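Residue numbers (the working numbering): 30 to 581. What follows is a set of notes on a single structure, which appears directly below.
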RNA sequence: GGCCCCAUGGUCAAGAGGUUAAGACGAGACCCUCUCAAGGUCUAAUCCCGAGUUCGAUUCUCGGUGGGGUCACCA
């Protein structure tokens with residue numbers, strides 16, 4: 030007769046340490062009362078998801094405001110889907126949002142006393158725990174192939190029975206220890222399953238920091254905890270890691286609620302105290318059919334944080350926007366604090382909405398405008414440079430022509446009581462400011478923009494006269510000059526005047542300003558013309574007027 | 001389909017057993033104005049449905065309906 034201990038030894042002959050040894054290796058953290066230990070546990074299967082940014086933001090916030098610890102653990106147990114280098118990329122993206130962990134996985138290195146923080150490097154720990162379960166008779170090897178499982182499922186579905194590997198359908202569960210021992214000796218492939226004592230008809234009460242207490246069916250599935258590749262599944266790794274790393278609050282997406290009974294059961298089987306859980310709502314969007322759905326990596330560009338980074342949205346704005354979703358009282362708070370120092374805001378789970386918000390790019394842009402409007406010209410230069418270096422060579426080239434010139438462009442109507450709010454990202458910067466650069470100006474000239482109802486010779490004469498405008502004078506004097514020139518060419522000096530006597534005039538001063546605007550900017554809409562002229566400088570203003578005059 | 005979560009304007013939402021049901025983004029209008037971006041003033045727009053409890057329900061309870069999530073050797 031084979032004992033469960035003998036079976037465990039056969040499966041894991043190399044494992045000699047015990048759970049007690051592990052407990053000694055990873056003692057309780059020495060932290061102040063109320064300190065929360067949180068973690069972000071991404072799997073290296075691609076880019077940083079917007080939803081992950083949301084949860085990790087909350088994780089960091091909670092740890093920070095309780096003087097706790099926020100760490101990163103890389104969950105790379107799915108070797109098939111792993112994408113090389115994505116762990117580092119994830120980290121780099123988090124860094125750009127100022128989400129820097131206190132300990133854990135840092136890409137090229139790891140930091141902290143509770144590591145390793147990469148699951149594939151923790152296999153010894155998992156094996157010790159699984160060996161324990163095996164010895165206790167709480168786990169067993171399963172030799173069913175994926176085909177067997179598929180067949181089982183088909184039969185269950187046809188008979189309308191709850192599908193899965195459980196109770197009477199858990200074939201290998203009833204294998205005797207001797208049989209299992211033989212099969213393993215014969216090198217038959219196997220996985221290890223947890224022997225669930227649960228009953229699907231039993232309801233258990235679970236606690237959630239966001240959802241409160243609710244009841245859910247007990248787990249009765251003999252889930253796989255150890256895969257044939259020698260690595261644990263998520264469920265088991267979660268339980269071991271969050272126990273030994275002493276996570277106090279697990280913050281994760283709502284999609285995990287349904288596996289909570291599994292996790293709770295595993296904690297119980299291991300005789301461990303489970304952490305607190307907070308299942309945060311997922312961020313949604315409306316698809317082509319008008320249905321709400323979770324932001325999808327495959328279908329939605331906004332699902333990847335890189336989408337915002339590549340387009341030059343200020344990272345601060347995304348975080349700020351996400352915080353409005355996270356806590357309903359944040360918006361009012363940040364308005365009161367002039368869109369600054371959001372790290373001082375106190376986050377709480379009780380102010381969290383229970384259902385998933387639709388991603389609102391409009392609101393993100395609103396925050397971005399507010400944030401950028403509060404930057405200095407120099408900060409704008411640095412941000413633009415940082416963005417352009419990574420994502421926009423054309424913008425980089427133009428900025429580098431002359432940093433001071435770029436700053437002056439950025440400074441148009443900036444250092445005033447109510448600054449302009451043109452910019453919400455850097456990705457479309459040149460659409461706004463391209464005309465300030467000679468080369469971009471020259472290739473975009475379009476004389477068809479001029480008002481077709483005004484004779485070309487009149488435009489020409491007006492423009493030649495506008496060369497006299499002296500913008501070294503204050504703006505009001507400059508505008509008086511413009512009015513004079515307008516009158517001289519029979520344009521009314523105000524719109525009101527023009528409306529009263531339309532027949533007497535060719536147009537009004539606004540038409541004259543438009544001529545100049547088109548001449549200098551290649552467009553009908555531009556910031557304050559006086560400022561534009563000051564930035565362009567006398568030589569360039571003259572050059573542009575002359576150039577347009579020859580084309581008319 | 002089973003189970004779970006959720007339900008106030010287009011979006012994010014506050015709210016209390018009795019309110020003219022906040023506010024923000026967005027939209028529209030007007031003002032300002034050399035255009036734009038702002039700024040100012042204003043407007044439109046919400047309690048999913050049905051029963052029950054109650055003098056009274058958008059609020060509490062139940063049942064529908066709708067939306068979402070989940071049912072892997074993926075996390």
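Glycine is no exception: its CB is placed at the ideal position from the N, C-alpha and C atoms. Source: prediction; values computed, not measured.
Next on the checklist: Report the CB separation of residue 307 from residue 237 in whole angstroms; it is logged as a contact under 8 Å.
Outcome noted: About 7 Å separates the two Cβ atoms, so the contact holds.
Item to check | Pairwise C-alpha distance: residue 380 and residue 233 | outcome: Taking the straight line joining both Cα atoms gives about 26 Å.
Checklist entry - Which residues share a DSSP beta bridge with residue 50? => result Under the DSSP definition of a beta bridge, residue 50 lacks any partner.
Checklist entry - Straight-line CA distance for residue 487 to residue 560? => result Rounded to the nearest angstrom, the gap between the Cα atoms of residue 487 and residue 560 is 25 Å.
Checklist entry - How many Å lie between residue 477 and residue 552 at the Cα? => result Spanning the two alpha carbons is a distance of roughly 10 Å.
Checklist entry - Is DSSP giving residue 275 helix, strand or coil here? => result Residue 275 falls in the coil class under three-state DSSP.
Item to check | Rounded straight-line distance, which links the Cα of residue 225 to that of residue 252 | outcome: Using only the alpha carbons, I get a separation of about 8 Å.
Next on the checklist: Using a Cβ distance threshold of 8 Å, determine whether the segment 94 to 105 contacts the segment 268 to 286, with at least three qualifying pairs required.
Outcome noted: Three or more beta-carbon pairs drawn from the segment 94 to 105 and the segment 268 to 286 are found closer than 8 Å, and the two stretches are therefore classed as touching.
Checklist entry - Is DSSP giving residue 170 helix, strand or coil here? => result Of the three classes helix, strand and coil, the one that applies to residue 170 here is strand, per DSSP.
Checklist entry - Tell me which same chain residues have a C-beta within less than 8 Å of the C-beta of residue 39, skipping the five on either side of it? => result For residue 39, where only same-chain residues beyond five positions count, the Cβ hits under 8 Å are 210, 213, 214.
Item to check | Straight-line gap, residue 470 to residue 464 (C-alpha atoms, nearest Å) | outcome: Answer to the nearest angstrom: the Cα atoms are 5 Å apart.
Checklist entry - Start and end of the alpha helix (DSSP H) containing residue 115? => result Note, residue 115: alpha helix (DSSP H), 115 to 125.
Next on the checklist: With the cut-off set at 8 Å, would you say residue 169 and residue 201 are in Cβ contact?
Outcome noted: For residue 169 and residue 201, yes; Cβs fall inside 8 Å.
Next on the checklist: Let's see if you can read the secondary structure: which residues bound the beta strand (DSSP E) around residue 187?
Outcome noted: For residue 187, there is no enclosing beta strand (DSSP E); the enclosing alpha helix (DSSP H) covers residues 175 to 187.
Checklist entry - Hey, quick one: how far does the beta strand (DSSP E) through residue 313 stretch, first residue to last? => result Annotation for residue 313: the continuous beta strand (DSSP E) segment containing it runs 313 to 315.
Item to check | Secondary structure of residue 66, DSSP reduced to three states | outcome: Here residue 66 sits in strand by DSSP.
Checklist entry - What is the rounded straight-line gap between the Cα of residue 354 and the Cα of residue 265? => result Each residue's alpha carbon lies about 31 Å from the other.
Next on the checklist: Quick check for students: name the residue ranges of the beta strand (DSSP E) that lie wholly in the segment 182 to 245, counting only runs of 3 or more.
Outcome noted: Those beta strand (DSSP E) runs which fall completely within the segment 182 to 245 and span 3+ residues are 220 to 223, 232 to 237.
Next on the checklist: Once the 5 residues before and after residue 359 are set aside, which same chain residues still bring their CB inside 7 Å of it?
Outcome noted: These residues qualify, in order along the chain: 352, 353, 374.
Checklist entry - At what residue ranges does the segment 476 to 529 contain a whole run of the alpha helix (DSSP H), taking only runs of 4 or more? => result For the segment 476 to 529, whole alpha helix (DSSP H) runs of length 4 or above, ordered along the chain, are 485 to 495, 504 to 517, 524 to 529.
Checklist entry - What three-state label does DSSP hand residue 165 in the structure shown? => result Looking at residue 165 - three-state DSSP - the assignment turns out to be coil, as it is neither helix nor strand.
Checklist entry - Residues bridged to residue 308 by DSSP? => result In DSSP, residue 308 forms a bridge with 281.
Checklist entry - Sorted by chain position, which residues of the same chain lie with C-beta nearer than 7 Å to residue 406's C-beta, five sequence neighbours on each side aside? => result Contacts found: 436, 439, 440, 443.
Checklist entry - Can you tell me where the alpha helix (DSSP H) with residue 433 in it begins and where it stops? => result Segment 432 to 439, the alpha helix (DSSP H) holding residue 433.
Item to check | When 427, 546, 346, 87 are compared against residue 452, the one with the closest alpha-carbon | outcome: Measuring from the Cα of residue 452, the nearest candidate turns out to be 346.
Checklist entry - Of the choices 166, 93, 382, 159, whose alpha-carbon is the least far from that of residue 132? => result Ranking 166, 93, 382, 159 by Cα distance to residue 132 puts 93 first.
Checklist entry - What is the C-beta distance between residue 522 and residue 538, in whole angstroms, given that I count them as a contact (C-beta under 8 Å)? => result So it is a contact: roughly 5 Å between Cβ atoms.
Checklist entry - Which of helix, strand or coil does DSSP assign to residue 143? => result Under the three-state reduction of DSSP output, residue 143 falls in the coil class, being neither helix nor strand.
Next on the checklist: For residue 134, count the other beta carbons within 10 Å of its own beta carbon; 16 or more makes it buried, fewer makes it exposed. Which is it?
Outcome noted: Label assigned to residue 134: buried.
Checklist entry - At which residues does the beta strand (DSSP E) containing residue 98 begin and terminate? => result Per DSSP, the unbroken beta strand (DSSP E) holding residue 98 starts and ends at 98 to 101.
Item to check | Nearest-angstrom Cα separation, counted from residue 457 out to residue 325 | outcome: Their backbone Cα atoms lie some 25 Å apart in a straight line.
Checklist entry - Looking at C-beta atoms only, is the number of pairs between the segment 48 to 57 and the segment 108 to 118 that lie closer than 8 Å three or more? => result No, the segment 48 to 57 is not in contact with the segment 108 to 118.
Item to check | Cut-off 7 Å between Cβ atoms - residues of its own chain near residue 96, not counting five sequence neighbours on either side | outcome: Excluding positions up to five away in sequence, the list reads 61, 64.
Item to check | Distance, residue 314 Cα to residue 427 Cα | outcome: So the two alpha carbons sit approximately 36 Å from each other.
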